[in-house]
Amino acid sequence: MNPIHSPQPFHIPLNRRRLLLSLALATAGFWTRGALAEMLTLTPRQTEGPFYPDHLPLDTDNDLIVVNDSLTPAVGEITYLSGRVLGPDGAPVRGATLEIWQCDNNGAYIHTHSFNAGKRDANFQGYGRFLTAGSGEYLFRTIKPVPYSGRCPHIHAKVRMNGAELLTTQLYIKGNPQNENDGVYHGIRDTKARDSVTVDFLPLPGAKTGELSAKWDIVLGTTPPDSDPHDRHEVTAERRGGGPGGDGLGGSRRPPPPPNGVDSSPRPPR
Ligand SMILES: [Fe+2]
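Letter by letter, the sequence shown follows residues 323 to 592 of our numbering.
If you want it as structure tokens, here you go:
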């Protein structure tokens with residue numbers, strides 16, 4: 323259930339809902355269109371890499387720390403990742419599905435051919451998605467990314483809308499020394515563009531157990547046509563599945579496959 327906007331029924335424990343709701347309200351109004359207008363940089367495209375999940379987890383909501391109703395959370399530094407999906411003019415994009423995926427604290431992805439697959443943290447969801455409402459806002463609870471073979475820490479992200487992939491990119495930790503030796507990261511030649519995918523992971527104000535906050539606005543290169551999510555098959559199907567889309571927190575049933583399918587063939591690490 324999307325704590326920001328969705329009227330869908332809840333499928334998660336109340337304490338988790340309250341936690342995410344309170345954060346969502348705290349971040350609401352954090353951005354203003356005027357303030358963004360002067361600093362907008364289009365989010366650069368980056369490789370999808372070889373580890374987009376070749377089998378989606380049963381839970382695909384926006385809380386990657388807890389799988390379904392498990393009582394055991396994932397291992398790692400808990401991070402609230404939030405921001406907005408925007409058009410090139412700073413206008414919020416409604417009805418975009420933002421997916422993220424990343425390796426767990428042991429460097430293992432939800433992928434058959436992942437590094438360290440035998441050490442995967444079964445309590446880490448590894449993948450989540452969120453459907454934006456009118457504000458363009460999104461929210462995930464996940465772990466601070468860790469390095470794995472040959473790569474600096476990063477979180478993969480993909481934006482889909484109306485069945486099309488609009489953007490695939492990656493997010494990095496500002497100040498992480500491993501960024502400097504990462505070929506994919508430095509494949510973004512433009513400094514501003516690189517900075518736009520490099521954010522602080524800072525202590526969450528008021529957090530008592532060390533949670534972090536990372537804020538990242540995603541700016542698309544084109545303005546998608548405005549659409550009413552209720553009119554679109556993709557979202558309707560997702561909502562029927564209790565899943566990803568508008569609720570962001572209710573994905574306890576397997577969603578329909580991504581519109582473009584899943585490429586499970588192994589490729590060089592990225
Ligand atoms: Fe990766």
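Built from N, CA and C at the ideal position, the CB exists for glycine as well.
At least one heavy atom of ligand 1 lies closer than 7 Å to the C-beta of arginine 473. Distance from the CA atom of isoleucine 400 to the CA atom of tyrosine 431, rounded to whole angstroms, is 17 Å.
Per DSSP, reduced to three states, the secondary structure at proline 525 is strand. Per DSSP, serine 535 is not a residue of any alpha helix (DSSP H); the beta strand (DSSP E) it occupies stretches across 534-537. Residue pairing of lysine 496 in beta bridges, as defined by DSSP: absent, with no partner found. CA-CA distance, glutamate 502 to arginine 511, rounds to 13 Å. Note that the region 534-544 touches the region 394-410; at least 3 beta-carbon pairs, one per stretch, sit closer than 8 Å. Here threonine 513 carries a helix assignment [DSSP, helix/strand/coil].
Non-local C-beta neighbours of phenylalanine 452 in its own chain, meaning closer than 6 Å and more than five positions away in sequence, comprise Asn384, Leu420, Tyr460 and Gly570, ordered along the chain.
DSSP places glycine 456 in the coil class of the three-state scheme, outside both helix and strand. CA-to-CA, the gap between proline 547 and glycine 371 works out to about 28 Å. When the beta-carbon positions are compared, asparagine 438 and asparagine 428 come within less than 8 Å of each other. The straight-line gap separating the alpha-carbon atoms of arginine 473 and threonine 491 is approximately 15 Å.
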